[in-house]
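Remarks on the structure that follows.
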Amino acid sequence: MNKKPIATELRLAVVLVPLMAVLSVLSPRFLTLDNLTNVVWSVCLIGILSSGAIYPRITGGIDLSLGSTAALSGIVVDLFMNRMGIPWIPSILMTVVIGALVGLFNGFIVAKIKIPAFVVTMAAKTYLYGIALVVSQGAMLAILEPRPFILISTGRFLGLPNPIYIMVALAVTSQFVLRRTAFGRQVMAVGSNEVAARLSGVDPDRVRLISYTISGGTSAVGGVILASLTQQVFAAAASGIELDVMTALVIGGTSAVGGRGSVLGALIGAIMVAFIINGLNLMNIPAPFHPIVTGSVIILALLLNEGYLVPKRRTLSRA
Amino acid sequence: MTKVENGADLLLECRSITKSYSGHVVLDAVDFSVRRGEVHALVGENGAGKSTLIKIVTGATGRDSGEMVYDGTVVPMEHLRRDAEALGIAVIYQELSLIPGMTVAQNIFLGKEPLRPLTRLIDVRKMNDQARELIDRYNFPLKPTDLIDNISIAQRQLVEILKALSGKASIMIMDEPTSSLTKTEVEMLFKIIALLKSEGISVLYISHRMEEVYALSDRVTVLRDGKLVKVLDKEEISPEEIIRLMIGHKLEEKAVQHELTPKGGKVVLEVRGLTSVGKFEDLSFDLHEGEVLGIGGLVGSGRTELVRALYGADSFDAGTIRYLGKEWVPSVRKSIEGGIGFIPEERRLQGILATQSITRNIGIPNLDLIAPRGIVSVKEEDRRAARGIELLNVKPPRPEQLVGNLSGGNQQKVVLAKWLVRDLKLIFIDEPTVGIDIGAKEEIYDHIRALSARGVSVLLVSSDLPELTRLSDRVIVLRQGRFFQEFRECVLTGEKILRAASGIREGDDE
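So the protein lines, in turn, are chains S and G.
According to this note's numbering, the first sequence is numbered sequentially starting from 1.
According to this note's numbering, the second sequence is numbered sequentially starting from 1.
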């Protein structure tokens, strides 16, 4: 019965292969282990953030504060571990809880006070950045300890970087929740038709609260991974990453108006975004040109997902 | 365009207007005319063709054949909204067409703002002055600088009227203008209609409220099943006569009258003194096991509000409800878990998840059964969806089909299927067959009868009189939010319901 989303994901995978082929022709360094490992890092970060950010998106909202939440989380986990001397595991858990609370607060304003999510989370992005500046005293802080914390991101297990496992675990969980739980059904229903969902026994406010809470939580996880990887934290650490996440979601077929979405699709989207940016770097195309390319890719993906570029069969499979 | 001499004082003359939608004739050679400076009411049951006729006059839809002359000008077959406006045909829309966030003056002069000669910028002061002049002329309670968001529905209607008057409207068409107004607001509207009339502007008025039609109109045109029945002159107008003409003595009289046989048995729902301020007041009734209780009344009589409150979708202010003998304060969640279903009035807006599959749509109110511990049993979900599709004969019978792409009748079947795959004791059904084809209609009727035969109680709201008469075991008619009359143990006809809904009291069995 999930024929449609699988079709979307398959189509994406089919686009991915020629993309890799083109990139490896354009730059001989593309298909090297070093380079692919590099790409994996950014895929992991975008993938982790997407697996939570997909919930508000499907309900018809958006979480633009996830970059600021991630950066703040890095600063907070450092504060707990290195300035307050709390062991690393409880520090991480507390940080994730704080991220979730930030999301809960966003969700509260969106669901109960009925202010558009775009505005609410845009404001949150700004004030969270401010809080991050205050807590870090505007400085870039290096995290050299504790060792296990650094190993979270830099270590490997069975030859693969650890964040891959974290991303896969989160994405699989998220996809499971979305596809196989009552809550996932309710998220889809609220995004599709809130009034009808309410009359069928769904509580849209509760669904929104939980959705933003999840997004806040995964943003904190992303922030911790980023801190562990780069071994430095600062207020602007993940600045702009929300746009990459939204790009991954759009490419992955999460509907811009809600009611539709797939984490697997978003992961493939994340890989494509990362590949494209990596390819541009390898070809020595100056950074200012990158947003032009990623922006165009969003439009292309939208056209493709809404069935504009593939004439016949698409409209049938949407029917 | 050619000028035509019609001799009489006719402003609008339609001859032999015919229109069909996909083979179904909705207007059959209808003649219709409006005189200069008269108030003309257009009446008929739902589906009689009133709206279609209005749409043709205002250019919202085209006609298949027939002639139209407006103010001495032959109206060509290609007649669009802007052509109608240019002719002086103005419409006060039911769903108001004003722009929120803009002022009264900005709305009145939208698209025709006075400009400063040199800069071609909007002359705000002049616009506000002109708006004030208009407002003062009619003595409306408005300020040019009021924001649309901050004024009442009645005031918004006034702005719509001013907007039309600021053009060169010679006819003002009002579609159910009083359905959302309070009593004092209605009185004000009546005064305004008289004022328009005294200025020589014709008013074409569509309403289900007989006393209004009676009080206001110079002439009444009655439509039935897409045909013109009669045009009544002032002295011929009476509510009884209008209703008689609207219902008519149809050939299929047998089908629309129905012998009521109330069911005794256990009381499933007991409602006492239920009140929701401004919506309905002091309603009391019992609903028995397996009974189909019809709720009749005009649009705005509080029927929909009543079932929404009983289901728990809206709150109420006073009164008590007992369900299965126990005190009951409804919430949607409690209702569903307690075996109560709900078919809402507007399928697209309230009933279906258009972007979701049939399976998901059927699943959503049944999550307590298919995901008892939060994890969906796909097997159970598929099983219930398959059962729903088979039970209701949904076409195409493909569970993964998106419901938004089904026909109206099949969408409504899916909405019904959501509840039929559960163990129900009671279901609230609001307008079950609006805009769906006859075949699907009959199938839905069969299901409502089958529910009742199985002992499920049904509270049925419908504006479709034959539907209400055929399905109900007993009918309660509401009027202006209050109980007006109950029909039991009698031969019920649509006419009786309509008379009661219009405020004409009579014996239960005559």
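Note that the Cβ used here is the ideal one computed from N, Cα and C, for glycine as well.
Reducing DSSP to helix, strand and coil, say where residue i ends up.
{"i": "G:Leu298", "result": "coil"}
{"i": "G:Glu400", "result": "coil"}
{"i": "G:Cys490", "result": "coil"}
{"i": "S:His290", "result": "helix"}
{"i": "S:Ser325", "result": "Lying outside 1 to 319, the shown extent of chain S, residue 325 of chain S is not represented and no answer is given."}
{"i": "S:Pro161", "result": "strand"}
{"i": "G:Lys163", "result": "helix"}
{"i": "G:Gln480", "result": "coil"}
{"i": "G:Glu67", "result": "strand"}
{"i": "G:Ala48", "result": "coil"}
{"i": "G:Val34", "result": "strand"}
When the Cα atoms are used, what is the spatial distance from residue i to residue j?
{"i": "G:Arg360", "j": "G:Val203", "result": "48 Å"}
{"i": "S:Gly138", "j": "G:Pro365", "result": "51 Å"}
{"i": "S:Arg11", "j": "G:Phe285", "result": "58 Å"}
{"i": "G:Ala48", "j": "G:Ile56", "result": "14 Å"}
{"i": "G:Gly111", "j": "G:Ala41", "result": "30 Å"}
{"i": "G:Glu252", "j": "G:Tyr214", "result": "Here the model assigns G:Glu252 a pLDDT of 48, short of 50, so the residue's position is not dependable and the matter cannot be decided."}
{"i": "G:Arg303", "j": "G:Ile370", "result": "33 Å"}
{"i": "S:Ser51", "j": "S:Leu264", "result": "9 Å"}
{"i": "G:Gly338", "j": "G:Ile444", "result": "23 Å"}
{"i": "G:Ser377", "j": "S:Ile58", "result": "22 Å"}
{"i": "G:Asp509", "j": "G:Gly248", "result": "The predicted position of G:Asp509 is uncertain, since its pLDDT is 43 and thus under 50; a value taken from the coordinates is nonetheless stated next. Approximately 20 Å, taken between the alpha carbons."}
{"i": "S:Ala220", "j": "S:Thr95", "result": "7 Å"}
{"i": "G:Arg81", "j": "G:Ile108", "result": "18 Å"}
{"i": "S:Gly295", "j": "S:Leu249", "result": "13 Å"}
{"i": "G:Pro100", "j": "G:Ile151", "result": "10 Å"}
{"i": "G:Arg479", "j": "G:Arg209", "result": "10 Å"}
{"i": "S:Tyr165", "j": "S:Tyr55", "result": "21 Å"}
{"i": "S:Val172", "j": "S:Thr247", "result": "20 Å"}
{"i": "S:Ser153", "j": "S:Leu302", "result": "33 Å"}
{"i": "S:Thr254", "j": "S:Thr218", "result": "18 Å"}
{"i": "G:Arg470", "j": "G:Gln412", "result": "19 Å"}
{"i": "G:Ile122", "j": "S:Ile298", "result": "39 Å"}
{"i": "G:Ala255", "j": "G:Thr221", "result": "The predicted model places G:Ala255 with a pLDDT of 49, which falls under 50 and marks its position as unreliable; any figure quoted below should be read in that light. Roughly 26 Å separates the two Cα atoms."}
{"i": "S:Val76", "j": "G:Leu147", "result": "46 Å"}
{"i": "G:Glu185", "j": "G:Ala154", "result": "6 Å"}
{"i": "S:Asp203", "j": "S:Asp63", "result": "20 Å"}
Since residue i meets chain G, which of its residues come closer than 8 Å, beta carbon to beta carbon?
{"i": "S:Met326", "result": "Lying before the first or after the last residue shown, residue 326 of chain S is absent from chain S, which here runs from 1 to 319."}
Identify the contact partners of residue i in chain S, using a Cβ-Cβ distance below 7 Å as the criterion.
{"i": "G:Val332", "result": "Arg198, Leu199, Gly201"}
{"i": "G:Gly363", "result": "Arg185"}
Along the chain, where does the alpha helix (DSSP H) that runs through residue i open and close?
{"i": "G:Val75", "result": "Per DSSP, G:Val75 belongs to no alpha helix (DSSP H) and is neither H nor E."}
{"i": "S:Val207", "result": "204-230"}
{"i": "G:Ala450", "result": "438-453"}
{"i": "G:Met210", "result": "210-216"}
{"i": "S:Met122", "result": "117-135"}
Under 8 Å between beta-carbons, which chain S residues line up against residue i? List them in chain order, please.
{"i": "G:Lys418", "result": "Ser200"}
{"i": "G:Ile336", "result": "Ser200, Gly201"}
State the start and end residues of the unbroken beta strand (DSSP E) segment that holds residue i.
{"i": "G:Arg125", "result": "From DSSP, G:Arg125 is part of no beta strand (DSSP E) but of the alpha helix (DSSP H) over 124-138."}
{"i": "G:Gly351", "result": "Where G:Gly351 is concerned, there is no enclosing beta strand (DSSP E), given that its DSSP letter is neither H nor E."}
{"i": "G:Gly341", "result": "340-343"}
{"i": "G:Glu517", "result": "Outside the shown range of chain G, which is 1 to 510, sits residue 517 of chain G, and nothing can be said about it."}
{"i": "G:Phe285", "result": "280-288"}
{"i": "G:Thr304", "result": "Not the beta strand (DSSP E): G:Thr304 falls in the alpha helix (DSSP H), residues 303-311."}
{"i": "G:Thr320", "result": "318-323"}
Closer than 7 Å by beta-carbon distance: list the chain G residues that pair up with residue i, in chain order.
{"i": "S:Arg260", "result": "Thr355"}
Could you tell me if the beta carbon of residue i falls within a distance shorter than 8 Å of some heavy atom in the ligand GDP?
{"i": "G:Thr52", "result": "In the structure shown, the ligand GDP is absent, as is every other ligand, since no ligand is present at all."}
For residue i, go through chain G and note every residue whose CB falls closer than 9 Å to its CB, in chain order.
{"i": "S:Asn193", "result": "Arg348, Leu349, Gln350, Gly351, Ile352, Leu353, Ala354, Thr355, Gln356"}
Residue i touches chain S at which residues, Cβ-Cβ below 9 Å?
{"i": "G:Val376", "result": "Arg179, Arg180, Thr181, Ala182, Gly184, Arg185"}
{"i": "G:Ala313", "result": "Arg198, Leu199"}
* To do: Give a yes or no on contact between the segment 209-225 of chain S and the segment 81-90 of chain S, applying the rule of three or more CB pairs nearer than 8 Å.
  => Fewer than three pairs of CB atoms, one per stretch, sit closer than 8 Å, so the segment 209-225 of chain S makes no contact with the segment 81-90 of chain S.
* Examine the Cβ distances between the segment 376-391 of chain G and the segment 225-244 of chain S and report whether three or more of them are shorter than 8 Å. => The segment 376-391 of chain G makes no contact with the segment 225-244 of chain S: fewer than 3 CB pairs, one atom from each, lie closer than 8 Å.
* Between the segment 302-321 of chain G and the segment 267-287 of chain G, do three or more beta carbon pairs fall short of 8 Å? -> The way I'd put it, the segment 302-321 of chain G does touch the segment 267-287 of chain G; three or more beta-carbon pairs between them come closer than 8 Å.
* Asked: Do the segment 42-49 of chain S and the segment 102-110 of chain S meet, that is, are 3 or more Cβ pairs less than 8 Å apart?
  -> Output reads no: the segment 102-110 of chain S does not touch the segment 42-49 of chain S.
* Counting pairs of Cβ atoms below 8 Å between the segment 219-229 of chain G and the segment 15-35 of chain G, do you hit three or more? -> The segment 219-229 of chain G, when compared against the segment 15-35 of chain G, does touch it at the 8 Å Cβ threshold.
* Asked: Should the segment 457-469 of chain G be regarded as contacting the segment 281-295 of chain G, the criterion being three or more beta carbon pairs within less than 8 Å?
  -> Segments in contact, yes.
* Looking at C-beta atoms only, is the number of pairs between the segment 131-147 of chain G and the segment 63-77 of chain G that lie closer than 8 Å three or more? -> At 8 Å Cβ cutoff, the stretches do not touch.
* Please confirm if the segment 125-138 of chain S is in contact with the segment 65-72 of chain S, defined as three or more CB-CB distances below 8 Å between the two stretches. => Contact holds: three or more Cβ-Cβ distances are below 8 Å.
* Could you say if the segment 347-355 of chain G and the segment 401-419 of chain G meet the contact criterion of at least three C-beta pairs nearer than 8 Å? => When Cβ pairs closer than 8 Å are counted between the two stretches, the segment 347-355 of chain G is seen to touch the segment 401-419 of chain G, the count reaching three or more.
* Asked: Is it true that the segment 331-346 of chain G meets the segment 419-437 of chain G, where meeting means three or more beta-carbon pairs spaced less than 8 Å apart?
  -> Judged by Cβ distances under 8 Å, the segment 331-346 of chain G makes contact with the segment 419-437 of chain G, as three or more pairs qualify.
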